[in-house]
Amino acid sequence: MTYKELTDLVIADYQQINDDADITPAHALYWCIVAINDLRYKRGLMVPGMYRKQYVNVPVQNGTVTDPTVLQQGRKYVQLPSGFLVFDAPDAIEMVTYGLEMTGADNKPVFQTVTFSEVRTPNSVRRLGFNKHEEPSPSSPYFMRVGDQLMLIGVEKVKVRTVEMFVKEAISFSGITSLDEEVPLSNDLCLEVMRKVSAMSRFMLAIPKDLVNDGRYGAPQVNLPESVDQGNPTNSEAGQ
Amino acid sequence: MDSQSIADALLSRLAAEGTDHYDTTLNLIPAINQACQYTLAMIRLGYGQNKFPEEALAKMSFAKVFIPSTLSRVNVYGPASGIAPEIVTAVHVGGSVYPSIQVPALANPVVSQATGYKYAGDGDPAKRMTLEESGIARTNTFAAGFNGTVPGGAVRYGYVPPTNYSTGTEREIQISPSAYGKWVTVFYVNGYTPITTLGTNDIPFMDSLYSFVLEKANEYINYPMEDGIPEIQVNLSEMNLLLRSLL
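This is the structure:
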């Protein structure tokens, strides 16, 4: 299933209903992306590996004094690039690792060396120092997400140039280069995509029809929702 | 449609009314020309409202290949283009031409017709936009004519009908997003060229419009005879007659 097949399907279906509907492929694609991301998020919770993506050699940056963010000088962080949309879920960033001693002698993948544990709140970071087994260190580092940045804790005194990450990723409009790409979703979910798209688009296309102006004075307005008179006690709970 | 047969039918009708002194140059040819120009105006009106089959324009339809300028415009009217479109029916962007060549680079926005090449198809149809629409669509990601980046294959072109952007007589079609480096094929309907000789000059309408042209030419001749028929009369019955002729 390619994006083109999906968008053509949406456009062809809507032209069956309204033959002068002018839905551009970009418009249909955006509807599809919204539906696909919703499905990927929900299915990703149930099927962990299906929508996981691995990024290697993600550069680690050092905060500077002039950083306009919360990051201070010398702090290491990873900037999540634009178009890289990690789901807004607690476990969306599944794993962050770096090679402590990247000699390569044993040919182990980097993600088998040192793993950053996730810490979710700034208060928890302080508590980590109370326990010597949990204290952040180069061999037991942590990461904390701050918006589109990952703060790396415990590696302040060692050189970390890159990290490796596993994330559950959403797709973005700007991240798609061609409609001929395969949709990153199981084919069996095509029906669900269409169902969600039709629910969205039906609502949007229905609105202008309700507000048709026929250009006549005194013509009765039809299909408009009736307003509720708030001052009428019969409409209030107290009056019933 | 044969102009001589229209003239013969006109004479036959007029003779039945007892008038047998009509001159070909002074009466018949001007009446036929006026009827044809009126018919083209009616077709144009109906076409704009999606009321006409395009087959009605078949004898006047042309498709010419153009090379867009760096400003993404093609010159479709003026001495340099050699054509005079009356109605632009479609604009296709991209595709290929026959015989096959690459699009040459063109910086001059005046001479842009690629003479000697036929449109081979497979271009993307562009949406016709009003001048006001084009300004809004240029910044709307989801509109045809959006002048930004969208995934490949999701690009929808838009075009603004011929407009004079220069100090000369050129009229150019503006295409958005930029069509520079792609072929542009313009489908258009030529204006009506008045006939000067019966028989040798053909009338470029489909035969199904015969009765309509005849009726109108008859009216034009009757008018100076003070028959009380107004010179120009656009009413519902005429529209119905025209539609019946075509469909």
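In the order they appear, the protein sequences are chains A and B.
Per this note's numbering, residue 1 is the first one in the first sequence, and the count goes up by one each step.
Per this note's numbering, residue 1001 is the first one in the second sequence, and the count goes up by one each step.
Don't be surprised by glycine CBs; every beta carbon is placed ideally from N, CA and C.
Quantities reported herein were computed from a predicted structural model and do not represent experimental measurements.
Practice item. For LYS53 of chain A, collect the residues of the same chain with a Cβ closer than 8 Å to its Cβ; drop the 5 residues on either side in sequence, then sort them by chain order. Key: Cβ-Cβ distances below 8 Å link LYS53 of chain A to PHE166, VAL167, LYS168 and GLU169 in the same chain, with the five nearest sequence neighbours on each side left out; the list follows chain order.
Practice item. Go ahead and pull the three-state DSSP assignment for ARG1044 of chain B. Key: Under the three-state reduction of DSSP output, ARG1044 of chain B falls in the helix class.
Check your understanding: Using the rule of at least 16 other Cβ atoms within 10 Å of the residue's Cβ for burial, across every protein chain shown, is GLN16 of chain A buried or exposed?
Key -> Flag for GLN16 of chain A reads exposed.
Practice item. With DSSP as the reference, label GLU156 of chain A as helix, strand or coil. Key: In the structure shown, GLU156 of chain A falls within a coil segment according to DSSP collapsed to helix, strand and coil.
Practice item. Kindly indicate which three-state DSSP category GLY83 of chain A falls into: helix, strand or coil? Key: Bear in mind that a pLDDT of 49 at GLY83 of chain A, under 50, signals an unreliable position, so the model cannot answer this.
**Study point:** Members of the stretch 1133 to 1145 of chain B near chain A, C-beta cut-off 7 Å
**Key:** Cβ contacts with chain A come from THR1141, PHE1142, ALA1143 and ALA1144.
Review point. What is the DSSP secondary structure of ALA170 of chain A, counted as helix, strand or coil?
Key: Strand.
Exercise for review: Name, in chain order, the residues that DSSP records as bridge partners for ASP1092 of chain B.
Suggested key: Checking the sequence, you will find His at residue 1092 of chain B rather than Asp. HIS1092 of chain B is bridged to B:PRO1125 and B:THR1185.
Point to revise | Cβ-based neighbour list, ILE1232 of chain B, same chain, cut-off 6 Å, excluding 5 preceding and 5 following | key: For ILE1232 of chain B, the pLDDT reaches just 47, beneath the cut-off of 50, and the residue's location in the model is therefore unreliable, leaving the point undetermined.
Check your understanding: Any Cβ of chain A within less than 7 Å of the Cβ of VAL1091 of chain B?
Key -> VAL1091 of chain B does not count as touching chain A.
Exercise for review: Take LEU1010 of chain B as the anchor and find which of B:ALA1114, B:ARG1128, B:SER1176 and B:TYR1220 has the nearest alpha-carbon.
Suggested key: Of B:ALA1114, B:ARG1128, B:SER1176 and B:TYR1220, the residue nearest in Cα terms is B:TYR1220.
Point to revise | Proximity to ILE23 of chain A [Cα-Cα], best of B:VAL1184, B:ALA1217, B:THR1141 and B:TYR1188 | key: If we check each option's Cα against that of ILE23 of chain A, B:THR1141 comes out closest.
Review point. In this structure, what does DSSP give as the bridge partners for TYR1077 of chain B?
Key: Secondary-structure assignment with DSSP links TYR1077 of chain B through a beta bridge to B:ARG1171.
Check your understanding: Hey, how far is the Cα of LYS1118 of chain B from the Cα of VAL1155 of chain B?
Key -> Using only the alpha carbons, I get a separation of about 24 Å.
Review point. Can we say the stretch 1210 to 1220 of chain B touches the stretch 1032 to 1040 of chain B, given the rule of at least three CB pairs closer than 8 Å?
Key: Flag = yes, the stretch 1210 to 1220 of chain B and the stretch 1032 to 1040 of chain B touch.
Point to revise | Opening and closing residue of the beta strand (DSSP E) in which LYS53 of chain A lies | key: From DSSP, the beta strand (DSSP E) with LYS53 of chain A extends over 52 to 59.
Review point. From ILE1029 of chain B to ILE1203 of chain B, what distance separates their C-alpha atoms?
Key: Inter-residue distance for ILE1029 of chain B and ILE1203 of chain B is about 11 Å (C-alpha atoms, whole angstroms).
Practice item. Assign GLY44 of chain A to buried or exposed, taking buried as 16 or more other Cβ atoms, counted over all protein chains shown, within 10 Å of its Cβ. Key: Per the 10 Å Cβ criterion, buried.
Check your understanding: Looking at SER1061 of chain B and VAL1189 of chain B, is the spacing between their C-beta atoms short of 7 Å?
Key -> For the pair VAL1189 of chain B and SER1061 of chain B, the CB atoms are nearer than the 7 Å cut-off.
Practice item. Taking ALA1063 of chain B as part of the beta strand (DSSP E), name the residues at either end of that continuous run. Key: Run containing ALA1063 of chain B: 1061 to 1066, per the beta strand (DSSP E) assignment.
Practice item. Taking GLY1152 of chain B as the query, report the chain A residues whose CB atoms sit under 8 Å from its CB, ordered along the chain. Key: The answer, in chain order, is THR177, SER178, LEU179 and ASP180.
Practice item. Tell me, to the nearest whole angstrom, how far the beta carbon of GLY1123 of chain B is from that of THR1185 of chain B; I am working on the premise that it is less than 8 Å. Key: The pair is a contact, with the Cβ atoms about 6 Å apart (cut-off 8 Å).
Exercise for review: Can you check DSSP and say which residues form a bridge with LYS1118 of chain B?
Suggested key: Assignment of beta-bridge partners to LYS1118 of chain B by DSSP yields B:TYR1098.
**Study point:** Simplified DSSP assignment, three categories, for SER1208 of chain B
**Key:** Helix, per DSSP.
Check your understanding: Per DSSP, which one or two residues make a beta bridge with ARG161 of chain A?
Key -> Answer is none; ARG161 of chain A lacks a bridge partner.
Exercise for review: Determine the burial state of THR7 of chain A: buried for a count of at least 16 other Cβ atoms within 10 Å of its Cβ, exposed for fewer.
Suggested key: Looking at its Cβ environment, which holds 16 or more other Cβ atoms inside 10 Å, THR7 of chain A is buried.
Check your understanding: What does DSSP give as the partner residues of LYS1216 of chain B in its beta bridges?
Key -> Answer by DSSP bridge pairing: none, since LYS1216 of chain B is not bridged.
Review point. Which class does LEU1241 of chain B belong to by DSSP, given the choice of helix, strand or coil?
Key: Helix.
Review point. Does ARG1156 of chain B get closer than 7 Å to chain A when you measure Cβ to Cβ?
Key: Taking Cβ atoms only, chain A reaches closer than 7 Å to ARG1156 of chain B, which makes this a yes.
Check your understanding: Less than 7 Å separating the beta-carbons of SER1245 of chain B and PHE1212 of chain B?
Key -> Closer than 7 Å, so yes.
**Study point:** Burial state of ASN1027 of chain B, where buried means 16 or more other Cβ atoms lie within 10 Å
**Key:** That one is buried.
Review point. Using a Cβ-Cβ cut-off of 6 Å (strictly less than) and excluding sequence neighbours within five positions of VAL1076 of chain B, which residues of its own chain qualify?
Key: Beyond the five residues adjoining it in sequence on each side, VAL1076 of chain B comes within less than 6 Å, by CB distance, of PRO1085, PRO1162, ILE1173 and VAL1186 in the same chain, given in chain order.
Point to revise | Environment of ALA21 of chain A [buried if 16+ CB atoms lie within 10 Å] | key: Classification for ALA21 of chain A: exposed.
Check your understanding: What is the DSSP secondary structure of TYR77 of chain A, counted as helix, strand or coil?
Key -> TYR77 of chain A: strand per DSSP, three-state reduction.
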